[in-house]
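J.: Before I ask anything, let me first share the structure, which is written out below as structure tokens.
Number of protein chains: 2
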Amino acid sequence: MKTSRILAIALSLPCLICLPVAIASDVAPAPNGIMLPGNYQDWRVIASSSRIDNNTLRVILGNDIASQAARAGNTNPWPDGTILGKMVWKNTTLKAWEKAVVPGEFVHAEFMFKDTKKWQDTGGWGFARWTGLDQKPYGKDADVVNECFSCHTPVKDNDYVFTHPASLPGS
Amino acid sequence: MKTSRILAIALSLPCLICLPVAIASDVAPAPNGIMLPGNYQDWRVIASSSRIDNNTLRVILGNDIASQAARAGNTNPWPDGTILGKMVWKNTTLKAWEKAVVPGEFVHAEFMFKDTKKWQDTGGWGFARWTGLDQKPYGKDADVVNECFSCHTPVKDNDYVFTHPASLPGS
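So this is what it looks like as structure tokens:
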């Protein structure tokens, strides 16, 4: 293979080189078999939220497919291959600016995996959550998905997703 | 140059290939000459906040140097080359979950550029802000930096930065 061809491939597949779709192999899978995506902390921002009913802050991230779909406005339905990740922290207050609520203790990271065939019984989405900084799988058995899905059913018309991508320049 | 060597270079410099440090050349510079960083929307999350005094949500992002410093706990001082970007939205409420405050209208993106020599008169930081989705430079002239710096002076002991990196698994 010629040098130039290799370089062309390398430059045309930046995300496969930089941010491989990987799993965090040192973390136990969720009860339904879903593995924690590796490098999710590096994903692009989709939105954020502040839950005033349980005093938590959230940042919603997306893998490459999700990020591209969000910026293209192609989110109802989200395309297969989408992974949405939500990082959740307990609220705390910034000492230097007391009217600023900021992330305190890390609570959990939870994910939605879009695969219309694999997860056809739950709206095309696989659900999983890992709690705490030690990332323990949430739920006793695979039925935990019903807890997730029932909560998301009221937003069926938004492809079972609560999040709306935040407005961004250039997107 | 051998194929393997090119590939090794490509793999060892992922960020230069994927996320080049670029400027948004179609956006006017700030009054102090600072250019809007290109691709800042793709940067990694450093933290988030909810300002209850002015009803805005914020996500704080960092370039590669900032992200690596945040995860290594190397933020007081932040290293030269750090760029911190804060995206700000007016609050709105999620219709499907009324106790969730979520991003509404995009307000502005503001940045701190660490260069201890270049910006020695303002704590080693260059400040700039672009407002709205059309990203208009904020401020009439270069003196606008004094507005920024005076606000940040109370957090001199935290290298003039309000943000504390959020706790994340694996960091």
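Chains A and B supply the protein sequences, listed in that same order.
Each residue of the first sequence is one higher than the last, beginning at 0 in numbering that gives the first Met the number 0.
Each residue of the second sequence is one higher than the last, beginning at 0 in numbering that gives the first Met the number 0.
No residue lacks a Cβ here, since even glycine has one placed at the ideal position from N, Cα and C.
#1: Alpha helix (DSSP H) containing I64/A: first to last residue?
#2: Closer than 7 Å, Cβ to Cβ, to anything on chain A: give me those residues from the stretch 18-37 of chain B, in chain order.
#3: Who are the neighbours of I171/B on chain A, taking C-beta pairs under 8 Å?
#4: Quick one: does P136/B have its CB under 8 Å from some CB of chain A?
#5: Looking at C-alpha atoms only, which residue of I22/B, M34/B, R70/B and I82/B is the closest neighbour of S166/B?
#6: What is the DSSP secondary structure of K155/B, counted as helix, strand or coil?
#7: How would you call C150/A, buried or exposed, if buried means at least 16 neighbouring beta carbons within 10 angstroms?
#8: Apart from the five residues just before and just after S49/B, which ones in its own chain have a Cβ nearer than 7 Å to its Cβ?
#9: Can you check whether the C-beta of L83/A is within less than 8 Å of a C-beta belonging to chain B?
#10: DSSP three-state call for T55/B: helix, strand or coil?
#11: Please classify R4/B: is it buried, with 16 or more other beta-carbons within 10 angstroms of its beta-carbon, or exposed?
#12: Smallest Cα separation from Y159/A: which of K113/A, W42/A and I22/A?
#13: Using a Cβ cut-off of 8 Å, pull out every chain A residue sitting near V44/B, in sequence order please.
#14: For P153/B, count neighbouring C-beta atoms within 10 Å of its own C-beta (all shown protein chains included) and say buried if the count is 16 or more, exposed if not.
#15: Candidates E109/B, W88/B and A141/B: which alpha carbon is nearest Y39/B's?
T.: Let me lay it out:
#1: Locating residue 64/A in the first sequence gives position 65, counting from the first residue. Where I64/A is concerned, the enclosing alpha helix (DSSP H) stretches over D63 to A71.
#2: none
#3: Outside the shown range of chain B (0 to 170) lies residue 171/B, about which nothing can therefore be said.
#4: Taking the first residue of the second sequence as 1, we reach residue 136/B at position 137. Cβ-Cβ to chain A under 8 Å: no for P136/B.
#5: As a first step, residue 166/B is located in the second sequence; it is residue number 167 there, counting from the start. Closest option to S166/B, Cα to Cα, is R70/B.
#6: Here residue 155/B refers to the residue found at position 156 when the second sequence is read from its first residue. K155/B falls in the helix class under three-state DSSP.
#7: Counted from its first residue, the first sequence places residue 150/A at position 151. Under this definition C150/A is an exposed residue.
#8: As a position in the second sequence, residue 49/B is number 50, starting the count at 1. Within the same chain, S49/B has close Cβ partners L56 and V100.
#9: Within the first sequence, numbered from 1, the residue matching residue 83/A stands at position 84. No - not a single Cβ of chain B is within 8 Å of the one on L83/A.
#10: For the purposes of this step, residue 55/B is taken as residue 56 along the second sequence, with counting starting at 1. In the structure shown, T55/B sits in a strand (DSSP, three-state: E or B).
#11: The residue you call residue 4/B lines up with position 5 of the second sequence. Annotation note: pLDDT 40 at R4/B (below 50); position unreliable, coordinate value reported separately. By the 10 Å Cβ count, R4/B comes out exposed.
#12: The residue given as residue 159/A occupies position 160 in the first sequence. Here the closest residue by C-alpha is K113/A.
#13: Taking the first residue of the second sequence as 1, we reach residue 44/B at position 45. The answer, in chain order, is Q40, V44, V58, L60 and M86.
#14: As a position in the second sequence, residue 153/B is number 154, starting the count at 1. Exposed, by the Cβ-count rule.
#15: Mapped onto the second sequence, residue 39/B falls at position 40. Ranking the options by Cα distance to Y39/B, first place goes to E109/B.
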